[in-house]
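Number of protein chains: 2
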Amino acid sequence: MPVFCLTTIGTIQIRIEAIEPSRDGLAGGIRRLPGEERAKVVLSVDDPAGQTRNRRATLVDIARHAGVSKSTVSLVLQSSPLVREETRERVHRAIDALGYVYNRSAANLRRAQSNVVGMVINDLGNPFFAELAVGIERVFQTAGFVPLIANSAESPIRQAEVLRSIREQGPAGFIICPARGTQPTAIDDLIRGGLPVVLAMRRVAGVRATCVAPDNRDGARKAVEHLLRLGHRRIAYFGGFADTVADGERQGGYRDALAAAGLAIDEALVISGAPTRESGMQGIDRLWAVADDVTAGLCFNDLVALGVVAGLRRQGREAGRDFAVIGFDDIAEARHASPALTTVAVDTKALGERAAQAVLGMIQGNRPMESHVGAVDLVVRESCGARLGEAM
Amino acid sequence: MPVFCLTTIGTIQIRIEAIEPSRDGLAGGIRRLPGEERAKVVLSVDDPAGQTRNRRATLVDIARHAGVSKSTVSLVLQSSPLVREETRERVHRAIDALGYVYNRSAANLRRAQSNVVGMVINDLGNPFFAELAVGIERVFQTAGFVPLIANSAESPIRQAEVLRSIREQGPAGFIICPARGTQPTAIDDLIRGGLPVVLAMRRVAGVRATCVAPDNRDGARKAVEHLLRLGHRRIAYFGGFADTVADGERQGGYRDALAAAGLAIDEALVISGAPTRESGMQGIDRLWAVADDVTAGLCFNDLVALGVVAGLRRQGREAGRDFAVIGFDDIAEARHASPALTTVAVDTKALGERAAQAVLGMIQGNRPMESHVGAVDLVVRESCGARLGEAM
DNA sequence: CATCGGCTGCGGAACGTTCCAATTTGGCCT
DNA sequence: AGGCCAAATTGGAACGTTCCGCAGCCGATG
Chain R
141 MPVFCLTTIG
151 TIQIRIEAIE
161 PSRDGLAGGI
171 RRLPGEERAK
181 VVLSVDDPAG
191 QTRNRRATLV
201 DIARHAGVSK
211 STVSLVLQSS
221 PLVREETRER
231 VHRAIDALGY
241 VYNRSAANLR
251 RAQSNVVGMV
261 INDLGNPFFA
271 ELAVGIERVF
281 QTAGFVPLIA
291 NSAESPIRQA
301 EVLRSIREQG
311 PAGFIICPAR
321 GTQPTAIDDL
331 IRGGLPVVLA
341 MRRVAGVRAT
351 CVAPDNRDGA
361 RKAVEHLLRL
371 GHRRIAYFGG
381 FADTVADGER
391 QGGYRDALAA
401 AGLAIDEALV
411 ISGAPTRESG
421 MQGIDRLWAV
431 ADDVTAGLCF
441 NDLVALGVVA
451 GLRRQGREAG
461 RDFAVIGFDD
471 IAEARHASPA
481 LTTVAVDTKA
491 LGERAAQAVL
501 GMIQGNRPME
511 SHVGAVDLVV
521 RESCGARLGE
531 AM
Chain E
141 MPVFCLTTIG
151 TIQIRIEAIE
161 PSRDGLAGGI
171 RRLPGEERAK
181 VVLSVDDPAG
191 QTRNRRATLV
201 DIARHAGVSK
211 STVSLVLQSS
221 PLVREETRER
231 VHRAIDALGY
241 VYNRSAANLR
251 RAQSNVVGMV
261 INDLGNPFFA
271 ELAVGIERVF
281 QTAGFVPLIA
291 NSAESPIRQA
301 EVLRSIREQG
311 PAGFIICPAR
321 GTQPTAIDDL
331 IRGGLPVVLA
341 MRRVAGVRAT
351 CVAPDNRDGA
361 RKAVEHLLRL
371 GHRRIAYFGG
381 FADTVADGER
391 QGGYRDALAA
401 AGLAIDEALV
411 ISGAPTRESG
421 MQGIDRLWAV
431 ADDVTAGLCF
441 NDLVALGVVA
451 GLRRQGREAG
461 RDFAVIGFDD
471 IAEARHASPA
481 LTTVAVDTKA
491 LGERAAQAVL
501 GMIQGNRPME
511 SHVGAVDLVV
521 RESCGARLGE
531 AM
């Protein structure tokens with residue numbers, strides 16, 4: 141359809157797109173074209189994005205500019221096969237010309253469900269969870285969802301706040317790494333609201349939700365078995381928060397392995413604290429205060445392990461030579477530390493992707509996926525001493 | 141106003157809240173109460189959150205349940221002083237009873253502006269930027285804004301995607317740590333759209349936007365001056381991406397300090413690469429290949445510095461004893477590394493807060509804040525050798 | 001007794017999409 | 001020409017808020 145541009149007054153452009161006889165004569169001053177079978181007069185007024193008014197362009201603006209209806213523009217935006225190629229191009233040109241930005245809020249209002257998914261992470265400052273978040277985010281992004289990432293900073297109160305905030309945006313689903321001390325109702329409320337929820341890395345006792353987590357128990361068991369094979373008999377456990385499920389499981393694996401080897405468990409060697417470097421440094425000091433015959437330690441995670449390594453060094457001892465240290469998670473730093481950290485490798489990327497897939501599946505209406513327990517592997521590096529021949 | 145609950149049929153509750161004569165006689169079967177001056181009949185049907193239908197409760201549902209109009213409920217939600225205390229309580233009870241969740245999309249549609257702010261970070265996997273993001277997020281969260289965090293992973297293409305995604309949500313403003321190679325138009329489009337934009341940590345050449353960044357040049361200068369004071373004369377620079385403004389500034393400070401000391405700059409000692417550990421490890425190898433008389437190096441950031449330290453160790457050398465290493469940023473790991481990293485401390489927290497305040501100010505209609513250059517401090521630890529007495 | 005003004009509360013019109021049903025268009029076959 | 005079918009396009013009614021103007025009610029004031 142050719143467009144006859146008539147005139148421009150100021151920033152207002154007046155265009156005639158087609159000509160047809162009006163019911164009561166012809167539109168103002170336009171001669172009937174001889175031999176014209178059928179015609180249509182369309183007068184349209186353009187207002188290129190907020191020049192006359194400071195307003196974002198809308199679907200209707202695009203429609204006017206392109207000389208189609210808003211419905212057609214909507215179809216183009218959803219790349220529906222129902223629109224003719226030529227029309228589609230015209231609409232796209234209009235979109236570029238007016239600098240149109242789609243209004244997701246309006247769409248969400250009309251559609252039942254939006255394209256945002258909530259990601260609530262207990263500790264974005266922890267590289268392990270940051271890596272996880274980045275992995276999950278990528279999956280969603282390529283699936284056309286916008287992840288809303290929020291950090292609960294291990295505070296159930298803050299977690300409740302961010303959950304509410306995100307819920308107000310009408311998300312399609314949630315991935316949550318629950319903060320420590322999360323109440324079951326915090327999660328259950330979401331599920332009862334009909335939202336797909338997947339827990340990542342941490343279960344919450346008393347909540348029936350799909351959970352994607354590493355095999356903590358098995359990993360800890362493997363690590364301790366490795367230490368036992370190296371000849372260690374007095375092995376400590378530097379824990380994280382004792383009230384978390386993850387710590388319970390890892391500590392459980394530690395106990396399993398010792399018990400299986402016929403060794404009694406010395407509760408003095410089980411040391412709890414925050415899952416941080418600082419806590420690891422303090423932990424090793426606390427250990428020496430109660431027992432000086434310990435030769436190895438399994439740590440709740442790599443940060444604690446790095447803390448233990450640092451604490452040892454402060455005392456003039458070297459991990460891997462004077463004391464065997466094993467971490468958990470295999471964060472990027474573990475490989476580069478010195479000595480390189482022996483650790484239980486969790487395939488963060490794979491778990492993150494799996495969690496994301498689980499949510500996507502539920503969003504598409506599949507039955508909730510079963511909880512997934514990811515296999516873990518012991519990565520032997522230097523801090524356990526194995527590389528130096530037989531330990532001590 | 142007392143509520144007379146009449147009856148409940150299934151999950152439907154029918155309530156009469158007040159009684160008054162209707163225009164044409166009395167409402168179905170209800171006797172005129174003797175002596176009643178004025179009355180009002182309100183029949184309301186309750187549907188506790190999606191029991192009869194699977195639908196989220198809305199403002200109107202709350203209004204019906206509480207026996208007020210939707211306008212009043214809206215006022216309550218905005219904690220307007222225009223509603224009576226008693227009414228407010230009744231509304232709140234209704235909200236709790238129906239498990240109402242506010243619909244931000246609908247509000248955004250009606251209001252010009254939403255409460256989301258976009259945070260686009262170039263590399264969430266980098267602890268420095270993760271720390272920054274967490275700091276910024278906290279400020280927004282307490283100011284009642286919902287930050288949408290996205291990771292551009294240093295890709296301008298992905299950055300464009302996430303910017304569009306977030307823009308569709310109608311954000312009130314943006315904080316951006318631009319990806320490497322960001323085109324000025326990518327940012328300018330936002331600014332011309334009338335959005336408050338603050339750049340954090342990295343300027344973009346050719347963009348007039350408020351920018352909050354550390355004093356890279358001064359930091360590098362201080363670091364090199366420190367090395368000069370320790371007696372070093374052949375000092376390398378292990379850079380990040382040479383095409384970034386940050387690298388340009390840090391390298392500039394390095395050159396300034398050498399020039400001020402009357403030393404010529406040996407271009408072979410300026411080594412570029414990615415701002416990662418791996419790149420640092422390779423960098424030190426590349427350095428030895430071209431010059432074996434170098435005794436110190438300034439690194440683009442702490443990750444590179446840690447890489448250099450690791451690379452040295454692989455060759456049997458120790459940072460701080462055989463070679464002085466200085467990093468930049470002072471990430472958490474710098475303090476805990478071994479040897480502890482001498483580094484130029486950037487007050488990430490303060491810069492993040494400042495950036496957030498700048499955006500908040502602009503959202504509230506203030507004039508754009510001037511760009512802010514944060515002061516930096518050299519933190520002397522072990523890796524530069526100063527703690528071992530005079531270097532080498 | 002009318003009038004006024006301060007409190008409260010109400011109704012309805014946006015906001016910018018999507019989706020449905022209806023309509024027009026155009027091609028093809030009688 | 002006419003009829004028919006598929007393809008393309010359209011108008012209008014939602015969706016759940018906010019905000020504006022208006023309306024009762026009450027006690028105080030003239």
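As they're listed, the protein sequences go chains R and E.
In this text, residue positions in the first sequence follow the numbering used here: the first is 141, and each later residue adds one.
In this text, residue positions in the second sequence follow the numbering used here: the first is 141, and each later residue adds one.
Every residue, glycine too, gets a C-beta built ideally from N, C-alpha and C.
This structure is a prediction, so every number in the text was calculated from the model and none was measured.
List, in order along the chain, the chain E residues whose C-beta lies closer than 7 angstroms to that of residue 249/R?
In the first sequence, residue 249/R corresponds to position 109, counting from 1. Against residue 249/R, the close residues of chain E are 245, 246, 249, in the order they occur along the chain (beta-carbon pairs closer than 7 angstroms).
Determine the contact status of residue 475/E and residue 443/E, defining contact as a CB-CB distance below 8 angstroms.
Residue mapping note: residue 475/E aligns to position 335 of the second sequence, counting from 1. Residue mapping note: residue 443/E aligns to position 303 of the second sequence, counting from 1. No.
Residue from 226/E, 205/E, 231/E with nearest C-alpha to residue 214/E
If you number the second sequence from 1, residue 214/E lands on position 74. The option with the nearest alpha carbon to residue 214/E is 231/E.
Just to confirm the assignment, what range does the beta strand (DSSP E) spanning residue 485/E have?
Position 345 of the second sequence, counting from 1, holds the residue named residue 485/E. For residue 485/E, the uninterrupted beta strand (DSSP E) run begins and ends at 482-486, by DSSP.
Alpha carbon of residue 524/R to alpha carbon of residue 482/R, nearest angstrom:
Within the first sequence, the letter at position 384 stands for residue 524/R. Within the first sequence, the letter at position 342 stands for residue 482/R. When only Cα atoms are considered, residue 524/R and residue 482/R end up about 6 angstroms apart.
Touching or not, the segment 393-411 of chain E and the segment 357-371 of chain E, by the rule of three or more beta carbon pairs under 8 angstroms?
The segment 393-411 of chain E makes contact with the segment 357-371 of chain E: 3 or more CB pairs, one atom from each, lie closer than 8 angstroms.
Cβ-based burial, residue 211/R [other Cβ within 10 Å; buried from 16]
Residue mapping note: residue 211/R aligns to position 71 of the first sequence, counting from 1. Looking at its Cβ environment, which holds fewer than 16 other Cβ atoms inside 10 Å, residue 211/R is exposed.
Terminal residues of the continuous alpha helix (DSSP H) containing residue 469/E?
Position 329 of the second sequence, counted from the start, is the residue given in the question as residue 469/E. Residue 469/E: not part of any alpha helix (DSSP H); member of the beta strand (DSSP E) spanning 464-469, first to last residue.
Let me know if residue 469/E comes out buried or exposed under the rule of 16 or more other beta-carbons within 10 Å of its beta-carbon.
Within the second sequence, the letter at position 329 stands for residue 469/E. Buried is the label assigned to residue 469/E, since at least 16 other Cβ atoms lie within 10 Å of its Cβ.
Roughly how many whole angstroms lie between the Cα atoms of residue 342/E and residue 358/E?
Taking the first residue of the second sequence as 1, we reach residue 342/E at position 202. Taking the first residue of the second sequence as 1, we reach residue 358/E at position 218. Residue 342/E and residue 358/E: Cα-Cα distance of roughly 15 angstroms.
Considering only the beta carbon of each residue, do residue 438/E and residue 364/E sit closer than 8 angstroms?
Stepping through the second sequence from its first residue, residue 438/E is reached at position 298. Stepping through the second sequence from its first residue, residue 364/E is reached at position 224. A contact, by the Cβ cut-off of 8 angstroms.
For residue 422/E, which residues in chain R fall below 9 angstroms Cβ to Cβ?
Here the question's residue 422/E lines up with position 282 in the second sequence. Under the 9 angstroms cutoff, chain R gives no residues; its nearest Cβ is about 13 angstroms from residue 422/E.
Could you please give the first and the last residue of the uninterrupted beta strand (DSSP E) stretch that includes residue 513/R?
What you label residue 513/R is simply residue 373 of the first sequence in a count that begins at 1. Under the DSSP assignment, residue 513/R falls in the beta strand (DSSP E) whose first and last residues are 512-514.
Whose CA, out of 509/E, 479/E, 379/E, 270/E, lies closest to the CA of residue 521/E?
Here residue 521/E refers to the residue found at position 381 when the second sequence is read from its first residue. The candidate whose alpha carbon is nearest that of residue 521/E is 479/E.
DSSP three-state call for residue 517/E: helix, strand or coil?
Along the second sequence, read from residue 1 onward, the residue named residue 517/E stands at position 377. Looking at residue 517/E - three-state DSSP - the assignment turns out to be strand.
8 angstroms is my cut-off, CB to CB: does residue 524/R come that close to chain E?
Here residue 524/R is taken as the residue at index 384 of the first sequence, counted from 1. The beta carbon of residue 524/R does not come within 8 angstroms of any beta carbon belonging to chain E, so the residue lies off that interface.
Could one say the Cβ of residue 131/E lies closer than 8 angstroms to chain R's Cβ atoms, at least one of them?
Examination of residue 131/E is not possible in this model, given that chain E is present from 141 through 532 alone.
Which residues mark the beginning and the end of the beta strand (DSSP E) in which residue 447/E is found?
Numbered from 1 along the second sequence, position 307 holds the residue referred to as residue 447/E. Looking at the DSSP string, residue 447/E is not in any beta strand (DSSP E); the run it does join, the alpha helix (DSSP H), is 442-454.
Taking any Cβ of chain E, which residues in the segment 258-276 of chain R have a Cβ under 8 angstroms from it, in chain order?
Within the segment 258-276 of chain R, contact with chain E at the beta-carbon level (separation under 8 angstroms) is assigned to 264, 265, 267, 270, 271, 273, 274.
Closer than 8 angstroms to chain E by CB, residue 180/R:
Position 40 of the first sequence, counting from 1, holds the residue named residue 180/R. Model confidence at residue 180/R stands at a pLDDT of 46, short of 50, so the residue's coordinates are unreliable and nothing is read from them.
In terms of residues, what are the limits of the beta strand (DSSP E) holding residue 131/E?
Residue 131/E is absent from the model: chain E starts at 141 and stops at 532.
Run through chain R and tell me which residues come within less than 7 angstroms of residue 305/E, C-beta to C-beta.
Taking the second sequence and counting its residues from 1, the one referred to as residue 305/E is at position 165. Below the 7 angstroms Cβ cutoff, chain R contributes 286 as neighbours of residue 305/E, in chain order.
Residue 514/R burial status per 10 Å Cβ neighbour count (16 or more: buried)
Sequence index remark: in the first sequence, residue 514/R carries index 374 (1-based). Label assigned to residue 514/R: buried.
Where does residue 261/R land, buried or exposed, given buried means 16+ other C-beta within 10 angstroms?
Taking the first residue of the first sequence as 1, we reach residue 261/R at position 121. Under this definition residue 261/R is a buried residue.
Between the segment 456-477 of chain E and chain R, which residues of the former have CB atoms less than 7 angstroms from a CB of the latter, in chain order?
With the criterion set as a beta carbon lying under 7 angstroms from some beta carbon of chain R, the members of the segment 456-477 of chain E are 473, 476, in sequence order.
Starting from residue 291/R, find everything on chain E with Cβ-Cβ shorter than 7 angstroms and list it in chain order.
Walking along the first sequence from the start, residue 291/R turns up at place 151. Against chain E, a Cβ distance below 7 angstroms from residue 291/R picks out 274, 277.
Sequence-distant residues of its chain with Cβ nearer than 7 angstroms to residue 407/R (five each side left out)
Taking the first sequence and counting its residues from 1, one reaches residue 407/R at position 267. Counting only Cβ-Cβ distances below 7 angstroms, and skipping sequence neighbours, we find nothing.
Could you tell me the boundaries of the alpha helix (DSSP H) in which residue 131/E lies?
In the structure as shown, chain E begins at 141 and stops at 532. Residue 131/E is therefore absent and cannot be evaluated.
If the cut is a Cβ gap below 9 angstroms, which residues of chain E does residue 241/R touch?
Reading the first sequence from its first residue, position 101 is the one you call residue 241/R. 304, 307, 308, 310, 333, listed in chain order.
Among 441/R, 504/R, 457/R, 507/R, which residue has its Cα nearest to the Cα of residue 269/R?
For the purposes of this step, residue 269/R is taken as the residue at position 129 of the first sequence. Residue 269/R has its Cα closest to that of 441/R, out of 441/R, 504/R, 457/R, 507/R.
Can you pull the chain R residues whose beta carbon is under 8 angstroms from the beta carbon of residue 254/E, in chain order?
To locate residue 254/E, count along the second sequence from 1; it is residue 114. Near residue 254/E (Cβ distances below 8 angstroms), the residues of chain R are 245.
Using three-state DSSP, classify residue 522/R as helix, strand or coil.
Mapped onto the first sequence, residue 522/R falls at position 382. Here DSSP, grouped into helix, strand and coil, assigns residue 522/R to coil.
State yes or no: is the C-beta of residue 448/R within less than 8 angstroms of the C-beta of residue 378/R?
Your numbering for residue 448/R matches position 308 in the first sequence. Your numbering for residue 378/R matches position 238 in the first sequence. Cβ atoms of residue 448/R and residue 378/R: closer than 8 angstroms.
Using 10 angstroms around the beta-carbon of residue 87/E, count the other beta-carbons present and answer buried if the total reaches 16, otherwise exposed.
Residue 87/E cannot be examined here, being either before or after the span of chain E that is shown, 141 to 532.
Secondary structure of residue 356/E, DSSP reduced to three states:
Position 216 of the second sequence, counted from the start, is the residue given in the question as residue 356/E. Helix, per DSSP.
Tell me which residues of the segment 442-457 of chain E have at least one Cβ-Cβ distance to chain R shorter than 7 angstroms, keeping chain order.
For the segment 442-457 of chain E, the set of residues with a beta-carbon nearer than 7 angstroms to any beta-carbon of chain R comprises 446, 450, 453, in chain order.
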